[in-house]
Amino acid sequence: MTRRARPARARAPARGLLEHFSAWLTRHAQVAVSSLGQLTRTPGATSMTTLLIGIALALPASLHVSVESVRAVMAAWDRSTQVSVFLKTEVDDRKAAALGEAVSRWPEVDAVHVLTRAEALAEYRTFSGMGELVDSLDANPLPAVLLVQPHPGPTPGSGSPGTPGAPGALVDRLAALPEADGAQFDLEWVRRLQAIAGLGERTATVLAGALGLAVLLVIANTTRMTIQGRRDEIEISKLFGATDAFVRRPFLYTGLWYGVLGGIAAWLCLGAVGLALGGPVARLAALYGSDFRLQGMGAGVGAALVLGGGLLGLLGAWLAVSRYLRAVKP
Amino acid sequence: MITFDDVSKSYPNGHQALSHVSLHVDAGEMIFVTGHSGAGKSTLLRLVGLIERSTQGQVIVGGQNLGKLSPRRVPYYRRRVGITFQDHRLLTDRTVFDNVALPLVIAGYSHRETGRRVRAALDHVGLLGKERHLPESLSGGEQQRVGIARAVVNRPAVLLADEPTGNLDPELSREVMRLFVRFQQVGVTVLIASHHLDLIRQMGKRILSLQSGRLATDSGQPLP
Numbered sequence: 080m081t082r083r084a085r086p087a088r089a090r091a092p093a094r095g096l097l098e099h100f101s102a103w104l105t106r107h108a109q110v111a112v113s114s115l116g117q118l119t120r121t122p123g124a125t126s127m128t129t130l131l132i133g134i135a136l137a138l139p140a141s142l143h144v145s146v147e148s149v150r151a152v153m154a155a156w157d158r159s160t161q162v163s164v165f166l167k168t169e170v171d172d173r174k175a176a177a178l179g180e181a182v183s184r185w186p187e188v189d190a191v192h193v194l195t196r197a198e199a200l201a202e203y204r205t206f207s208g209m210g211e212l213v214d215s216l217d218a219n220p221l222p223a224v225l226l227v228q229p230h231p232g233p234t235p236g237s238g239s240p241g242t243p244g245a246p247g248a249l250v251d252r253l254a255a256l257p258e259a260d261g262a263q264f265d266l267e268w269v270r271r272l273q274a275i276a277g278l279g280e281r282t283a284t285v286l287a288g289a290l291g292l293a294v295l296l297v298i299a300n301t302t303r304m305t306i307q308g309r310r311d312e313i314e315i316s317k318l319f320g321a322t323d324a325f326v327r328r329p330f331l332y333t334g335l336w337y338g339v340l341g342g343i344a345a346w347l348c349l350g351a352v353g354l355a356l357g358g359p360v361a362r363l364a365a366l367y368g369s370d371f372r373l374q375g376m377g378a379g380v381g382a383a384l385v386l387g388g389g390l391l392g393l394l395g396a397w398l399a400v401s402r403y404l405r406a407v408k409p
Numbered sequence: 157m158i159t160f161d162d163v164s165k166s167y168p169n170g171h172q173a174l175s176h177v178s179l180h181v182d183a184g185e186m187i188f189v190t191g192h193s194g195a196g197k198s199t200l201l202r203l204v205g206l207i208e209r210s211t212q213g214q215v216i217v218g219g220q221n222l223g224k225l226s227p228r229r230v231p232y233y234r235r236r237v238g239i240t241f242q243d244h245r246l247l248t249d250r251t252v253f254d255n256v257a258l259p260l261v262i263a264g265y266s267h268r269e270t271g272r273r274v275r276a277a278l279d280h281v282g283l284l285g286k287e288r289h290l291p292e293s294l295s296g297g298e299q300q301r302v303g304i305a306r307a308v309v310n311r312p313a314v315l316l317a318d319e320p321t322g323n324l325d326p327e328l329s330r331e332v333m334r335l336f337v338r339f340q341q342v343g344v345t346v347l348i349a350s351h352h353l354d355l356i357r358q359m360g361k362r363i364l365s366l367q368s369g370r371l372a373t374d375s376g377q378p379l380p
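Residue numbers (the numbering used here), protein chains in the order written: chain A, 80 to 409; chain B, 157 to 380.
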């Protein structure tokens, strides 16, 4: 009985640094586990909030993934973009070869492939499916073609619509050749597609910002309601010397869990979308002779979603608790 | 241990809870603060516990001028002060053990040390067998004793009790008071706000009485 209470100062526990650290670690682990346990005790509310966060995160992520996939395909197209110069039929193969040689030395030209009249006919026979019709012709009606590969732009496939002026000038110059009948350049629609992809990317960014804010508010509001339910506990804890950090800790962990679980849910949503669309997309791509696949369902996107969700969760909870703590300051 | 130097406390609504109170309490002393409800008893205790700050004058506890304590240091100060409340303020969804353990959990004690100290504190208030109970299953007197165990579990230098016998019958009230005397005997400075004049006169301790926020008498002696 008499060895009971003494002034706290005199009896302050003399603890080693290591023991202090391990106690701190234990405390965090306990709060982390207990806050997760608290979430599992209300599975309905928890899964609804988690799903809400998951969908909000999955929307911009899926748009980003789609744009990235289109980008990857366009980069390949960009490299294969070429100008076809149709020569006049009176230009024979030798002259065509010489002209090709000359054009290939132009600074804006990367490479030139000369398709002779015979080769052009052979190619037409193979790919048009009208071989018999071709065979029935007396003379070869096809001109020789120069397939001119321009120097790749400064940033091929980077999303900037590019300057159509430079390739356009090349087309004009090629068309102006006395031997040329015409020059054709099919880059315009690629540029348009790039612009659309750029718009898609921008939309994804804006959407990510807006929905990220939504996630933040959802978690802040959920935290605020949890605080309302635990007012007594917070007040009493503060009366017995709880620091703001102590009060904040369980809520921060709850916010973190919500965000991480939401990130995982978003990743699963994305995976489900990928599974549902993967087959049809591959079939569609195969029809266009492309091996296009939806990209970016990998671990990188998953990690980004979980990390982003976790950070938003922490921040949302922090905002809610800090607002409350400011309001109850003694 | 506790010094009030011309302390006043007024609220934003204009209510003057304490006016020019000066007093001194030695370390290890036990003091009763009495007066009608609204006389300022609770306010005086809340100023010592730093639940509120004075609007004028200085409150010094254990050599620490509370007016100069930054908000960041307030939690650490409160860990050296134990408080019990008239309405007990126990967490109804936690066991008796968890309620008493709260100050130790806040202060970051290890699991083992916490268990040891909580059981010692419950032993002192005679509730060792009830550690797994929820507060609602206990009587009013038992709940008050849980509150006392929680207040002393961190071995504070100062123990504040606001109407600890508010709803108890005379026999239980005396028992609770004897409990406080035992803490005083081991060196704790004890401040008890109570309007049970008959009971506190029996205790034979110093009595301060407040009237409308002013210190009226000290141990029955009118002040100049």
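Where a beta carbon is used, it is the ideal one built from N, C-alpha and C, also for glycine.
Of all residues in the region 305–331 of chain A, those with a C-beta nearer than 7 Å to a C-beta of chain B are D311, E312, I315, S316, L318, F319, G320, A321, T322 and F325, reading in chain order. Boundaries of the alpha helix (DSSP H) harbouring M359(B): L353 to M359, taken from the DSSP string. Take Q242(B), set aside five residues on each side of it, and the residues of its chain with a beta-carbon closer than 7 Å to its own are D318, E319 and G322, in chain order.
A residue is called buried when at least 16 other Cβ atoms come within 10 angstroms of its Cβ; L366(A) does not meet this threshold and is exposed. Sorting T373(B), S329(B) and G303(B) by C-alpha distance to the C-alpha of I315(A) places G303(B) at the top.
A straight-line Cα-Cα distance of about 57 Å links T345(B) and A135(A). For F206(A), no beta strand (DSSP E) encloses it; the enclosing alpha helix (DSSP H) starts and ends at R196 to S207. Residue pairing of V163(B) in beta bridges, as defined by DSSP: V177(B). The beta-carbon distance between G279(A) and L142(A), rounded to whole angstroms, is 7 Å. This is short enough to meet the 8 Å contact definition.
For Q242(B), no beta strand (DSSP E) encloses it, and the DSSP letter there is neither H nor E. The region 191–271 of chain B is shown to contain whole alpha helix (DSSP H) runs of 4 or more residues at 197–204, 230–234 and 252–263, in chain order.
Of all alpha-carbon atoms in E327(B), L316(B) and Q212(B), the one lying nearest the alpha-carbon of H244(B) is that of L316(B). DSSP places S316(A) inside the alpha helix (DSSP H), whose first and last residues are R310 to L318.
With respect to the C-alpha of G133(A), the residue from L386(A), S401(A), V227(A) and L404(A) having the closest C-alpha is L386(A).
Contact of G223(B) with chain A is not assigned, every C-beta pair being separated by 8 Å or more. Against chain B, the CB of A406(A) has no partner CB under 8 Å away; the residue lies outside that interface. Residue pairing for F100(A): DSSP places it in no beta bridge.
Short of 6 Å from the beta carbon of E202(A), and not among the five residues preceding or following it, lies no beta carbon of its own chain. Selection F160(B), E331(B), P291(B) and V337(B) evaluated against T199(B) yields F160(B) as nearest (Cα-Cα). Judged by DSSP secondary structure, V352(A) falls outside any beta strand (DSSP E) and instead within the alpha helix (DSSP H) spanning D323 to L366. Of all residues in the region 220–250 of chain B, those with a C-beta nearer than 9 Å to a C-beta of chain A are P227, R228, V230, P231, Y232, Y233, R234, R235, R236, V237, G238, I239, F241, R245, L246, L247, T248, D249 and R250, reading in chain order. Taking 8 Å as the Cβ-Cβ cut-off, the region 103–134 of chain A approaches chain B at W103, T105 and R106, given in chain order.
The Cβ-Cβ distance between Y233(B) and L246(B) does not fall below 8 Å. If you check the CB distance, A259(A) and L166(A) come in under 8 Å.
In terms of Cβ geometry, K361(B) and F188(B) form a close pair [threshold 8 Å]. Look at L258(B): its C-beta is under 8 Å from a C-beta on chain A. In this structure, the straight-line span from the alpha carbon of A293(A) to that of M153(A) is close to 33 Å.
The beta carbon of L393(A) lies closer than 8 Å to those of L331, G334, L335 and G338 in the same chain, with the five residues before and after it left out.
The beta carbons of V380(A) and V144(A) sit about 7 Å from each other, so the pair counts as a contact at 8 Å. Less than 8 Å separates the beta-carbon of V164(A) from that of A262(A). Neighbours of I348(B) in chain A, taken as residues whose beta carbon is under 7 Å from its own, are absent, since the nearest beta carbon is some 15 Å off. For A195(B), no Cβ of chain A is located within less than 8 Å of the residue's own Cβ. Cβ-Cβ distances below 6 Å link Q212(B) to S164 in the same chain, with the five nearest sequence neighbours on each side left out; the list follows chain order. Where Q299(B) is concerned, the enclosing alpha helix (DSSP H) starts and stops at G296 to V308. Below the 8 Å Cβ cutoff, chain A contributes G320 as neighbours of A263(B), in chain order.
For S266(B), the C-beta contacts it makes with chain A under 7 Å involve A102, in order along the chain.
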